[in-house]
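Peer 1: Line order of the protein sequences matches chains A and B.
Residues 1 to 331 in this note's numbering are what the first sequence spells out, letter by letter.
Residues 1001 to 1253 in this note's numbering are what the second sequence spells out, letter by letter.
Just so you know, even glycine gets a beta-carbon here, dropped at the ideal spot from N, CA and C.
Computed from a predicted model, the values in this text were never measured in an experiment.
Mind looking over this structure? Questions follow.
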Amino acid sequence: MTRTRDRSKRLQGVPAGLFWLAGPVLAGLVVASLLTGVADLDLDGRFSGEAVELLLVSRLPRTLAALLSGASLAVAGTIMQMLARNRFVEPTTAGTAECAALGLLLVTLLLPSSSLFIKMIVASASALAGTALFVTLIRRLPPTQPLMIPLTGIVFGSVVGSVVMFIAYETDLLQYAGVWMTGEFSGVVKGRYELLWGSGAALVIAYVFADRFTIAGMGKDVSVSLGLNYRQVLWIGLLIVSQITAFTVITVGMLPFVGLVVPNIVRRTMGDNTRQVLPLVALTGGALVLASDVIGRLIRYPYEIPAATIFGVAGTAIFLWLLFSRQAQRG
Amino acid sequence: MIEIDNVSFRHGVAPVLQDVTLLLPKGGLTALVGPNGAGKSTLFSLMARLLKLQSGEIRFDGMDVATTTSMELARKIAILRQDTHVTARLTVRDLIGFGRFPHHRGRPGPDDEEMIEKGLELFELSGLSERYIDELSGGQRQRALVAMAYVQDTDYLLLDEPLNNLDMHFARTLMKQLRYLADRYGKTIVVVLHDINYAAAYADRIVALKDGRLSAQGTPEEIMTADCLGALFDMEIVIETVRGRRIALHHAG
Ligand SMILES: Nc1ncnc2c1ncn2[C@@H]1O[C@H](COP(=O)(O)OP(=O)(O)O)[C@@H](O)[C@H]1O
Ligand SMILES: [Mg+2]
């Protein structure tokens, strides 16, 4: 018996082939990213020692940082959307990123000489606490009002964000706070982004738990009926999300909406089976953030626009288009 | 065997179940009937450990639901809740496949694939297998959820109002499939039904719940009397015998 699982039959709007172009597109972006910058990479002749050094110390780390942060934030969004059973939550619509920044600010203030490792621990612990608080808050919301959840999260995030800004203002750390909340990659050099490999590790763990996240996304009762330890899966998910968020905030700064836009683009054509979509979500997230970074480097050359800004504009436009084109289809 | 021993339950202060004691033998099809709010769904949730017992005990083949691990119970009991609402965008095949999770825990093998195929066929879903569940009619989705409980391949199957949303054709087909599962594989199936005539036609025994108490239990012949049903639903019900079957005329009176 042969069974074809031709998923392309079910596609709506976006041709499936587009996704499988992701590989070549990604390769193209990586090359573009390696070649784009103020310092000239002289490729006329052979690679000079200087050019190789520039590549290894600056361009390659920068490219990897964009890929890792994009991929992991997109996956964090996917997990959050599954666990909250709501398509509009992601680290910046649930207060996760703001809470990470708050933790980072407090540890910078109170223990200024602490190591990066300690800072990372504090930031992810506070991201975890904030997200857990958010999850408790939204339990009380009516499930019939899906937009209430991200709205609550945004309000919660804004309150925490304001506290961060206030403390930062009072203590002359405003500059830091700005850097944490606006992701950009111009400062990335070798030795200053490696924490992001922690996000890479979190991606692997997320993949291991993929089926459990999908089941949790079917609700507590279905989870329990299938023998799942629902609370445990919830905590593992929150832990992964807060780790990824904290790593990103510390190294390159937050990239809002990556976790919102990417999973929603992918799920439209590929559905919600986490194990199946996770690789594509990661790939798309990495590619879109890298593209934003490259565009940000080119648009006002030789000045740079933060990748978070470029992504914010382009991603929001894509998302709105998706939202409205679907409504047009249904209606 | 299902042993329900002195189970009482309150939602807040309101008593929902009061001293329910019930023994259901292994094998066969039991219909659980009773008016809205009688506590049927609550009893099911307690049986399937979705709600924590407040007092009393429930055992399946001697396994206490309060002390047995959830994973072990997942291979013993499958439940379809009345208001299951799956928001995840999954294909019918993937949804049904998750019913196998207690057996493979994330690494499906050929057995699991085979069982999924069987589930798709049994509930006439083969043609819909690659469709997303949010693109199905209510009845089709209901069948997919029943199939998901079926592939969990447990000795005990609890279905809360599975005929919801089903047309006459599929309602009858589903009842026949359940009958077949009980007869052929010796499954123990408990179904909450609203149409007493379905209960009488397909069940081996009927259990009636009213105001949180067990009000009657017996064979369809014993329950299908004007007195018994009249008292259960607080209305006058005429019983007629048509082609050797007792039929409750409850819809017009
Ligand atoms: N979550 C809940 N909170 C409070 N009361 C509830 C809850 N669920 C059910 N009830 C009440 O418990 C009683 C039994 O409900 P249920 O078990 O759903 O009855 P049935 O399934 O027989 O219609 C009803 O009076 C209902 O209002
Ligand atoms: Mg009910």
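1. In terms of residue numbering, what span does the beta strand (DSSP E) encompassing L1051 of chain B cover?
2. Counting only beta-carbon separations shorter than 9 Å, does V1086 of chain B have a partner in chain A?
3. For chain A, check one thing: does any of its Cβ atoms lie closer than 9 Å to the Cβ of F1098 of chain B?
4. Quick check on the DSSP output: what are the complete alpha helix (DSSP H) runs of length 4 or more inside the region 179 to 252 of chain A, in order along the chain?
5. Just checking: is the beta-carbon of G1012 of chain B within a distance shorter than 9 Å of some beta-carbon in chain A?
6. Taking only beta-carbon atoms, is L228 of chain A less than 9 Å away from chain B?
7. Does F166 of chain A pass the burial test, meaning 16 or more other C-beta atoms within 10 Å, or should it be called exposed?
8. Please compile the residues from chain A whose C-beta is within a distance smaller than 8 Å of the C-beta of V1102 of chain B.
9. Kindly indicate which residue of A:L290, A:R275, A:T274 and A:N264 has the alpha-carbon position closest to the one of A317 of chain A.
10. Anything with a beta carbon under 5 Å from a heavy atom of ligand 1 counts; list them all in chain order.
11. Step through the CB atoms of chain A and report whether any lies within less than 9 Å of the CB of G1106 of chain B.
12. With burial defined as no fewer than 16 other Cβ atoms inside 10 Å of the residue's Cβ, what is the status of W321 of chain A: buried or exposed?
13. Quick check on E90 of chain A: buried or exposed, where buried means 16 or more other Cβ atoms within 10 Å of its Cβ?
14. Can you list, in chain order, the residues of the region 1060 to 1072 of chain B whose Cβ is nearer than 7 Å to any Cβ on chain A?
15. Counting C-beta neighbours from all protein chains within 10 Å, is the total for V294 of chain A 16 or more, i.e. buried, or is it exposed?
16. Kindly list the residues whose CB is nearer than 7 Å to the CB of K9 of chain A, restricted to its own chain and excluding five residues on each side of it in sequence; keep chain order.
17. Run the proximity test for D1160 of chain B: is its beta-carbon closer than 8 Å to any non-hydrogen atom belonging to ligand 2?
18. For M1001 of chain B, does the three-state DSSP call read helix, strand or coil?
19. Between which two residues does the alpha helix (DSSP H) harbouring E1113 of chain B extend?
20. With H, G and I counted as helix, E and B as strand and the rest as coil, what does DSSP make of G1218 of chain B?
21. If we define contact as Cβ-Cβ less than 9 Å, is A145 of chain A a contact residue for chain B?
22. With a CB to CB cut of under 6 Å and the five nearest residues on each side skipped, what residues in its chain are close to G157 of chain A?
23. Considering only DSSP beta bridges, list what I1239 of chain B is partnered with.
24. Any heavy atom of ligand 2 within a distance shorter than 8 Å of the CB on Q1142 of chain B?
25. Let me check you understand the geometry: is the CB of V1192 of chain B closer than 8 Å to at least one non-hydrogen atom of ligand 2?
26. Closest by CA to S69 of chain A, which one among A:A314, A:P256, A:S325 and A:V313?
27. Say whether chain A places a C-beta atom closer than 9 Å to the C-beta of I1077 of chain B.
28. Tell me whether V1086 of chain B sits in a helix, a strand or coil according to DSSP, three-state version.
29. To the nearest angstrom, how far is the alpha carbon of T92 of chain A from that of G153 of chain A?
30. Would you mind sorting G1037 of chain B into buried or exposed? The rule is 16 or more other CB atoms within 10 Å of its CB.
31. Going by the C-beta, is P306 of chain A closer than 8 Å to any heavy atom of ligand 4?
32. Take the Cβ of G187 of chain A as the centre, count every other Cβ of all protein chains shown within 10 Å, and call the residue buried at 16 or more, exposed below.
33. Residues bridged to M1063 of chain B by DSSP?
34. Using a threshold of 8 Å, is the CB atom of Q1082 of chain B nearer than that to any non-hydrogen atom of ligand 2?
35. Going by the beta-carbon positions, is the gap between R212 of chain A and G1106 of chain B smaller than 9 Å?
36. In three-state DSSP terms, what is G315 of chain A?
Peer 2: Well, looking at it:
1. Element bounds for L1051 of chain B: n/a, residue is neither H nor E.
2. yes
3. yes
4. 196 to 208, 210 to 216, 220 to 225 and 230 to 251
5. no
6. yes
7. exposed
8. The sequence shown places Pro at residue 1102 of chain B, not Val. What P1102 of chain B touches in chain A: L226 and G227.
9. A:N264
10. B:H1011, B:V1016, B:N1036, B:G1037, B:A1038, B:G1039, B:K1040, B:S1041 and B:T1042
11. yes
12. exposed
13. buried
14. S1070 and M1071
15. buried
16. Summary for K9 of chain A: the model assigns pLDDT 41, below 50, so the residue's position carries little reliability, and this model does not support an answer.
17. yes
18. coil
19. P1110 to L1122
20. strand
21. Per the sequence shown, the amino acid found at residue 145 of chain A is Gln instead of Ala. No, Q145 of chain A lies away from the interface with chain B (no Cβ there is under 9 Å from its Cβ).
22. G95 and E98
23. B:A1248
24. no
25. yes
26. A:P256
27. yes
28. coil
29. 8 Å
30. exposed
31. For ligand 4, the structure offers nothing, since it holds only ligand 1 and ligand 2.
32. exposed
33. B:F1060
34. yes
35. yes
36. helix
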